[in-house]
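J.:
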Amino acid sequence: MFKACFLLLASAFLLSGTAFGQESPFFVTYTHHMEEPGNLEIETSTTSGIPRSGQRSYTAPYMEMEYGVTAQWTSEFYLEGQSSPGDSSVFTGWRFENRYKPLSREHWINPVLYLEYESVNEASRIQKEVEGGGPDLTSRNALLTPEHAHEVETKLILSSDYHDWNISENFIATKNFSESEGVEFGYSFGVARPLARLASCAECRFCRENFIAGIEMYGGLGSTLGFGVHDTAHYVAPVISWAVSDNSTLRFSPSWGLTHESNPVLIRFGYSYEFQGVGTRISKLFGRKP
Amino acid sequence: MTFWAGLVCLASVVAAAQNPGYQPDTSWRASEVATARQNPLASRPEAAAGGRKLFAKNCAECHGKNGSGMEKKHSANFHLPVVQEQSDGTLFWKITNGNANRGMPSFSKLPELQRWQLVLYIRQLREPE
Numbered sequence: 280m281f282k283a284c285f286l287l288l289a290s291a292f293l294l295s296g297t298a299f300g301q302e303s304p305f306f307v308t309y310t311h312h313m314e315e316p317g318n319l320e321i322e323t324s325t326t327s328g329i330p331r332s333g334q335r336s337y338t339a340p341y342m343e344m345e346y347g348v349t350a351q352w353t354s355e356f357y358l359e360g361q362s363s364p365g366d367s368s369v370f371t372g373w374r375f376e377n378r379y380k381p382l383s384r385e386h387w388i389n390p391v392l393y394l395e396y397e398s399v400n401e402a403s404r405i406q407k408e409v410e411g412g413g414p415d416l417t418s419r420n421a422l423l424t425p426e427h428a429h430e431v432e433t434k435l436i437l438s439s440d441y442h443d444w445n446i447s448e449n450f451i452a453t454k455n456f457s458e459s460e461g462v463e464f465g466y467s468f469g470v471a472r473p474l475a476r477l478a479s480c481a482e483c484r485f486c487r488e489n490f491i492a493g494i495e496m497y498g499g500l501g502s503t504l505g506f507g508v509h510d511t512a513h514y515v516a517p518v519i520s521w522a523v524s525d526n527s528t529l530r531f532s533p534s535w536g537l538t539h540e541s542n543p544v545l546i547r548f549g550y551s552y553e554f555q556g557v558g559t560r561i562s563k564l565f566g567r568k569p
Numbered sequence: 015m016t017f018w019a020g021l022v023c024l025a026s027v028v029a030a031a032q033n034p035g036y037q038p039d040t041s042w043r044a045s046e047v048a049t050a051r052q053n054p055l056a057s058r059p060e061a062a063a064g065g066r067k068l069f070a071k072n073c074a075e076c077h078g079k080n081g082s083g084m085e086k087k088h089s090a091n092f093h094l095p096v097v098q099e100q101s102d103g104t105l106f107w108k109i110t111n112g113n114a115n116r117g118m119p120s121f122s123k124l125p126e127l128q129r130w131q132l133v134l135y136i137r138q139l140r141e142p143e
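From first to last, the protein sequence lines are chains E and R.
Quick note on numbering: the first sequence equals residues 280 to 569 in my numbering.
Quick note on numbering: the second sequence equals residues 15 to 143 in my numbering.
#1: Looking only at its own chain, which residues have a Cβ that is under 6 Å from the Cβ of V97(R), when we skip the five neighbours before and after it?
#2: Answer with yes or no whether the minimum CB distance from Q361(E) to chain R is below 8 Å.
#3: Examine chain E for any beta-carbon lying closer than 8 Å to the beta-carbon of A44(R), and answer yes or no.
#4: At a Cβ threshold of 8 Å, is A471(E) touching chain R?
#5: In whole angstroms, what is the alpha-carbon distance linking E302(E) and E553(E)?
#6: Using a Cβ-Cβ distance cut-off of 8 Å, determine whether L530(E) contacts chain R.
#7: Is F554(E) helix, strand or coil by DSSP?
#8: For E410(E) and L319(E), I'd like the C-alpha separation in whole angstroms.
#9: Could you pull the start and end residues of the alpha helix (DSSP H) that R164(R) belongs to?
#10: What residues in the region 475 to 486 of chain E have a beta carbon less than 9 Å from any beta carbon of chain R?
#11: Does any C-beta atom of chain R lie closer than 8 Å to the C-beta of R378(E)?
#12: Would you mind working out which of E99(R), G117(R), P125(R) and T110(R) sits nearest D138(R), comparing C-alpha positions?
#13: When we look at the beta-carbon of E46(R) and count the other beta-carbons within 10 Å, is it buried (16 or more) or exposed?
#14: Pop quiz: L423(E) and N400(E) are said to be a contact at Cβ under 8 Å. What is the actual Cβ separation, rounded to whole angstroms?
#15: Between Q128(R) and L68(R), what straight-line distance do the alpha-carbon atoms span, to the nearest angstrom?
#16: In or out: L134(R) buried (at least 16 other Cβ within 10 Å) or exposed?
#17: List, from N- to C-terminal side, the beta strand (DSSP E) runs of 3 residues or more that fit wholly inside the region 344 to 403 of chain E.
#18: Who are the near neighbours of G507(E) in its chain, counting only those whose CB is closer than 8 Å to its CB and skipping five residues on each side?
#19: Looking at the structure shown, is P533(E) part of a helix, part of a strand, or coil, going by DSSP?
#20: For a contact meaning CB atoms closer than 7 Å, what does G556(E) contact in chain R?
#21: Identify the residues that DSSP records as bridge partners of T433(E): which are they?
#22: By Cβ distance, which residues of its chain are closer than 6 Å to L435(E), with the 5 residues on each side in sequence left out?
#23: Which residues in the same chain as N455(E) place their Cβ atom closer than 6 Å to its Cβ, once the five residues preceding and following it in sequence are excluded?
#24: Count the other C-beta atoms from every protein chain shown that fall within 10 angstroms of the C-beta of L132(R), then say buried if there are 16 or more, exposed otherwise.
#25: Do the CB positions of P119(R) and P316(E) come within less than 8 Å of each other?
#26: Can you give the Cα-Cα distance for T323(E) and A50(R), rounded to whole angstroms?
#27: Quick one: what's M313(E) bridged to in DSSP?
#28: In terms of alpha-carbon separation, which member of S447(E), F464(E), A522(E) and G461(E) lies closest to E482(E)?
#29: If we define contact as Cβ-Cβ less than 8 Å, is L68(R) a contact residue for chain E?
#30: Does the Cβ of G505(E) have 16 or more other Cβ atoms within 10 Å, making it buried, or fewer, making it exposed?
#31: For A516(E), is the classification buried or exposed, using 16 other Cβ atoms within 10 angstroms of its Cβ as the cut-off for buried?
#32: Counting only Cβ pairs nearer than 9 Å, list the residues of chain R close to P383(E).
#33: Around the Cβ of M344(E), are there at least 16 other Cβ atoms within 10 angstroms (buried) or fewer (exposed)?
#34: Drop a sphere of 10 angstroms on the beta-carbon of A141(R), count the other beta-carbons inside from all chains shown, and report buried for 16 or more, exposed for fewer.
#35: Run through DSSP, which three-state label would G501(E) get?
#36: From the DSSP output, which residues share a beta bridge with S447(E)?
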């Protein structure tokens with residue numbers, strides 16, 4: 280059964296075309312740009328934390344699969360882990376998220392609704408978002424992994440394209456159903472712009488049109504038990520993405536922690552590969568008529 | 015015999031990949047202001063070469079490599095007068111906003127000038143009279 284599923288998916292990928300990989304450079308902030316319908320993007324990323332005194336260093340890899348269900352609806356599935364030198368490497372859980380863009384046309388401000396279910400443990404360090412006071416950066420994995428969290432996370436994504444700038448703001452509210460810690464809040468916002476406005480005539484990889492640069496800022500805002508920025512983690516992060524080929528993108532972002540609860544530095548890397556028309560190919564394999 | 019069978023096969027594949035009977039979605043209409051917008055690259059026809067590259071990367075999957083559209087995807091055939099009669103501003107608006115009802119995504123993530131380059135290239139697909 281597993282073999283059959285694997286072969287089915289592998290054939291769908293092999294039959295798929297490729298798509299232009301000009302992706303948002305942000306690691307945390309979401310924009311209103313959705314995945315194209317029927318396309319599947321697979322991304323591997325890592326978040327590495329450089330510790331301050333008393334904190335533990337770590338590398339947290341994660342893989343995400345993003346699928347464009349329709350032009351207004353995108354689904355994503357994540358698997359994540361974490362490794363700390365001198366401690367252990369652990370699987371930290373999975374996440375399933377959906378983004379829905381209620382307005383079909385472009386507007387000055389484009390809202391997107393975001394709903395995610397997380398089944399993760401407290402050793403999770405990918406920091407795809409920071410909410411509440413931020414993660415526990417001092418305890419050992421053996422203490423953190425038994426603490427399981429079933430969380431529902433919602434976001435209101437507001438995003439605008441002004442000339443060639445993208446300006447996006449995300450407001451986050453998370454409820455952990457495994458503990459009574461109230462509803463936690465967080466934020467992120469970012470601005471980014473392509474380095475060139477015109478496409479050159481020739482194929483090129485190192486020309487400016489393949490790069491998007493920007494900056495994002497994100498952090499926690501406490502919870503319903505204590506709202507505010509006191510004892511919360513905040514980061515500011517320059518971001519850059521490079522369309523390495525027509526279908527793949529590299530992203531890099533060094534983040535600087537602004538408070539004592541943050542890591543002094545987070546280093547993020549990401550590589551994504553986009554398969555075009557996967558949905559159509561899979562439908563065909565199941566015999567759907569065009 | 016094999017040659018003719020192959021030719022018939024090829025012709026049917028090409029025909030299936032086109033959308034000669036394309037009918038535009040009448041509810042997908044740009045505002046008057048958007049329709050009236052002029053292409054800022056109109057005096058730079060050489061920029062269409064960049065548009066061709068962008069077309070191959072972003073549009074060819076649904077509209078075909080030569081822009082003839084695809085019947086199964088209900089995608090526009092850019093060679094037809096029903097498309098070419100639309101103003102530059104209308105085409106730009108359609109690329110920017112997409113048409114969720116017919117599965118066309120928005121391409122507002124492309125810089126404005128690149129969307130105008132696409133319009134320039136689509137103009138080159140006009141059928142000779």
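Here a beta-carbon is modelled for each residue, glycine too, at the ideal position from N, C-alpha and C.
T.: Reading from the atomic positions:
#1: A90
#2: no
#3: no
#4: no
#5: 10 Å
#6: Reading off the sequence shown, one finds Arg at residue 530(E), where the question assumed Leu. Closer than 8 Å: no.
#7: strand
#8: 28 Å
#9: Only positions 15 to 143 of chain R appear in the structure, and residue 164(R) is not among them; the question remains open.
#10: A475, R476, L477, A478, S479, C480, A481 and E482
#11: no
#12: The residue you asked about is not Asp; residue 138(R) is Gln in the sequence shown. Checked all of E99(R), G117(R), P125(R) and T110(R); the closest Cα to Q138(R) is E99(R).
#13: exposed
#14: 6 Å
#15: 8 Å
#16: buried
#17: 352 to 362, 368 to 379 and 389 to 400
#18: L500 and G501
#19: strand
#20: E75
#21: L394(E) and A452(E)
#22: F450
#23: A428 and E430
#24: buried
#25: yes
#26: 44 Å
#27: Beta-bridge pairing links M313(E) to no other residue.
#28: A522(E)
#29: yes
#30: exposed
#31: buried
#32: According to the sequence provided, residue 383(E) is Ser. The question's Pro does not apply to it. Residues of chain R passing the Cβ test: N111, G112, N113, A114, N115 and S120.
#33: exposed
#34: A small fix is needed here, since residue 141(R) is Glu in this sequence, not Ala. By the 10 Å Cβ count, E141(R) comes out exposed.
#35: strand
#36: S438(E) and G469(E)
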